[in-house]
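Enquirer: Have a look at this one.
There are 2 protein chains.
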Amino acid sequence: MANGSANCLFCNNKSVCFNELTDDELKQIEDNKVEILYKKDETIIKQGSFASNIYFIKKGLVKIYIENSDRNLILEIAGKSKMLGLTSLNHTKHYKFSVTALEDIVLCQINVEVINKIMITNQFFNTQVIKSLNSTIEKILDKLHCISHKQLNGRLADALICFSDEIYQNNKFTLNVTRKDLASITNMATENVVRLLKEFNDKKIIKVSGKNIEIINYSALKELSK
Amino acid sequence: MANGSANCLFCNNKSVCFNELTDDELKQIEDNKVEILYKKDETIIKQGSFASNIYFIKKGLVKIYIENSDRNLILEIAGKSKMLGLTSLNHTKHYKFSVTALEDIVLCQINVEVINKIMITNQFFNTQVIKSLNSTIEKILDKLHCISHKQLNGRLADALICFSDEIYQNNKFTLNVTRKDLASITNMATENVVRLLKEFNDKKIIKVSGKNIEIINYSALKELSK
DNA sequence: TAATTTTGCTGATATACATCAATGTTAATA
DNA sequence: TATTAACATTGATGTATATCAGCAAAATTA
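Chains as they are written, first to last, in this note's numbering: chain A, 1 to 226; chain B, 1001 to 1226.
Now the structure itself:
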């Protein structure tokens, strides 16, 4: 929970965003950031609260989700190098989503004013921030497309592909999320996640054993995704 | 179709974005923009094409939608002062959506390089662009929430509230869209739009007569929206 | 003006999916 | 280690919503 002795200048977890900052700019960030450890299941960002900080994940996975009285919708499972809370760049805004830790997390919380300042002085950084915003838009558009146009098996296939290609970058992985979370990712009932995982397993598309999943027939998944 | 004699300096359709530009900056835009007229049903942006321009709507309504082989999803009905195509700010990107005219449109097409240049020289403008990106994110998140959590009547209620509050800014309006479009907005079958409009009409929540709609019981709609 | 296409409307039917209920299994806590 | 709670699983049932079919009305085109 302590402000990092961790020095921004020599930080080897820097996102592309920070790559081209001058030493002076990095110093500014260092003076206005804290490094924080979150334990599994702790809330990092709470939906509805004032958006006044930028977060940068150094280690571990989080889930970003829209809260709802009955049922949540997970927008993204994100990990190392993810910037969170860019909503804060424009003041007087509230977070539209919550973020909680799926495992132990190390992140840097950076004061939004410094980010705003450096966006003025450093054109490259400014571009990177806009890129990040655009990529967020792209991601949630994909999500929207997936949920509005595809049916259950396609949506689950999409989720599995995402885990394999992006989150774990391995066709064999151990889930950090529950079946209920999988249901929140794909916007279906938990029971259907279970049933479909079994069906995929029986069809030898994937191999499921508890939280361990191995993708056997990738192209079949891609086909289901359509 | 001609480059406007329309002078940016004296344009009275300027969006907030352009409000604080210097005369010189406005001149730069003027030299790198064309004013274009689109007729009803013409395509302004085609999904999948290279994103290389910024558009600014001066007059008329457009629909922004995700194309899909079987069924489209309308993200937004937008009008005067809307900036389109900010995806272009980062190069080598394709549009993730299409835009077509719902009526005769006047818009300015601005070269993305000038926009990028002015974002460097003018901090206020830069902030406005980021605000615009953030507001896009917020809108899509709302849509995602609506489609994933609400059922048919709630989704249609949402759409009607949006028409009344934002698009037409009047509780009595004449739709520029077909029932099929309404179905694409709410992600339901066209038949259900018809049935629900009739039901709302019978319950004296709204008064429907063809494309003319009047909202009678606004609070009932708000209730349905939950 | 007639002919054709698109849009709007209505009821009947089908189905994808959620919900419910019941039970096993693992993980957290005392 | 016992106790509780959260998670996972399976089958049976219900329902919201899509699909289909058929026709009327408007709008476009010939």
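Think of the CB as a built atom: it goes at the ideal place given N, C-alpha and C, for glycine as much as any other residue.
Could you pull the DSSP bridge partners for C1108(B) from this structure?
Expert: E1035(B), F1056(B)
Enquirer: For N1072(B), I'd like the list of residues in its chain whose CB is within less than 7 Å of its CB, leaving aside the five on either flank, ordered along the chain.
Expert: Y1065, I1066, S1184
Enquirer: Of all the CB atoms in chain A, is at least one closer than 8 Å to the CB of R1071(B)?
Expert: Yes, R1071(B) counts as interfacial toward chain A.
Enquirer: Could you spell out where the alpha helix (DSSP H) holding A1220(B) opens and where it closes?
Expert: 1218 to 1225
Enquirer: Do you know offhand how far N111(A)'s Cα is from K33(A)'s?
Expert: 6 Å
Enquirer: Since L1048(B) contacts Y1095(B) with CB under 8 Å, what's their CB separation in whole angstroms?
Expert: The sequence shown places Gly at residue 1048(B), not Leu. A Cβ-Cβ distance of about 7 Å is found for the pair G1048(B) and Y1095(B), placing them in contact under the 8 Å criterion.
Enquirer: By the DSSP assignment, the alpha helix (DSSP H) with F163(A) in it spans what residues?
Expert: From DSSP, F163(A) is part of no alpha helix (DSSP H); its letter is neither H nor E.
Enquirer: For F125(A), count the other beta carbons within 10 Å of its own beta carbon; 16 or more makes it buried, fewer makes it exposed. Which is it?
Expert: buried
Enquirer: Please tell me whether A2(A) has its Cβ less than 8 Å away from any Cβ of chain B.
Expert: Here the model assigns A2(A) a pLDDT of 40, short of 50, so the residue's position is not dependable and the matter cannot be decided.
Enquirer: Which residues of chain A have a Cβ atom closer than 7 Å to the Cβ of S1148(B), listed in chain order?
Expert: L73, I147, N187
Enquirer: I believe I147(A) touches S1148(B) by the beta-carbon criterion, under 8 Å. Please report the beta-carbon distance rounded to the nearest angstrom.
Expert: 6 Å
Enquirer: Going by alpha carbons, who is nearest to E1020(B) out of L1107(B), I1044(B), V1129(B), T1100(B)?
Expert: V1129(B)
Enquirer: Give the secondary structure of I77(A) by DSSP, where H, G and I count as helix, E and B as strand, and everything else as coil.
Expert: strand
Enquirer: So T22(A) is in the alpha helix (DSSP H); what residue range does that whole segment cover?
Expert: It is not in any alpha helix (DSSP H) - T22(A) carries neither H nor E in the DSSP assignment.
Enquirer: Thinking C-beta only, is L152(A) closer than 8 Å to L102(A)?
Expert: no
Enquirer: By the 10 Å Cβ neighbour count, where 16 or more other Cβ atoms means buried, how is A1189(B) classified, buried or exposed?
Expert: exposed
Enquirer: Quick one: give me the first and last residue of the alpha helix (DSSP H) that N1201(B) is part of.
Expert: 1190 to 1202
Enquirer: Apart from the five residues on each side of it in sequence, which residues of its chain come closer than 6 Å, Cβ to Cβ, to N1013(B)?
Expert: K1058
Enquirer: Should I215(A) go down as buried or exposed, given a rule of 16 or more other Cβ atoms within 10 Å for buried?
Expert: buried
Enquirer: Excluding the 5 residues flanking I140(A) on each side, which residues of the same chain have their C-beta closer than 7 Å to its C-beta?
Expert: L75
Enquirer: For the segment 85 to 154 of chain A, list the beta strand (DSSP E) runs that are entirely contained and at least 3 residues long, ordered along the chain.
Expert: 98 to 101, 105 to 111
Enquirer: Taking 8 Å as the CB-CB cut-off, is N153(A) touching chain B?
Expert: Interface flag for N153(A) against chain B is unset, since no Cβ pair is found closer than 8 Å.
Enquirer: Which stretch, first to last residue, makes up the alpha helix (DSSP H) that contains S184(A)?
Expert: 179 to 186
Enquirer: Could you tell me if L9(A) is buried or exposed, where buried requires 16 or more neighbouring beta carbons within 10 angstroms of its beta carbon?
Expert: exposed
Enquirer: Determine whether the Cβ of E1138(B) lies closer than 8 Å to any Cβ atom of chain A.
Expert: yes
Enquirer: Is K1063(B) helix, strand or coil by DSSP?
Expert: strand
Enquirer: Is the Cβ of N212(A) closer than 8 Å to any Cβ of chain B?
Expert: Taking Cβ atoms only, chain B never reaches closer than 8 Å to N212(A), which makes this a no.
Enquirer: For R1155(B) and T1186(B), what's the separation of their Cα atoms in angstroms?
Expert: Spanning the two alpha carbons is a distance of roughly 6 Å.
Enquirer: Mind checking if N122(A) is an interface residue toward chain B, Cβ cutoff 8 Å exclusive?
Expert: At a cut-off of 8 Å between beta carbons, N122(A) makes no contact with chain B.
Enquirer: Go through its chain and collect everything with a Cβ distance to V106(A)'s Cβ below 7 Å, but skip five positions before and after it.
Expert: Exclusion of the five residues before and after V106(A) leaves E35, L37, K58, K59, G60 as the residues of its chain whose Cβ lies within less than 7 Å of its Cβ.
Enquirer: Counting contacts by CB-CB distance shorter than 8 Å, is I130(A) in contact with chain B?
Expert: yes
Enquirer: Within 10 angstroms of its Cβ, does G79(A) collect 16 or more other Cβ (buried), or is it exposed?
Expert: buried
Enquirer: DSSP three-state call for D29(A): helix, strand or coil?
Expert: Residue 29(A) is actually Ile in this sequence, not Asp. It is helical.
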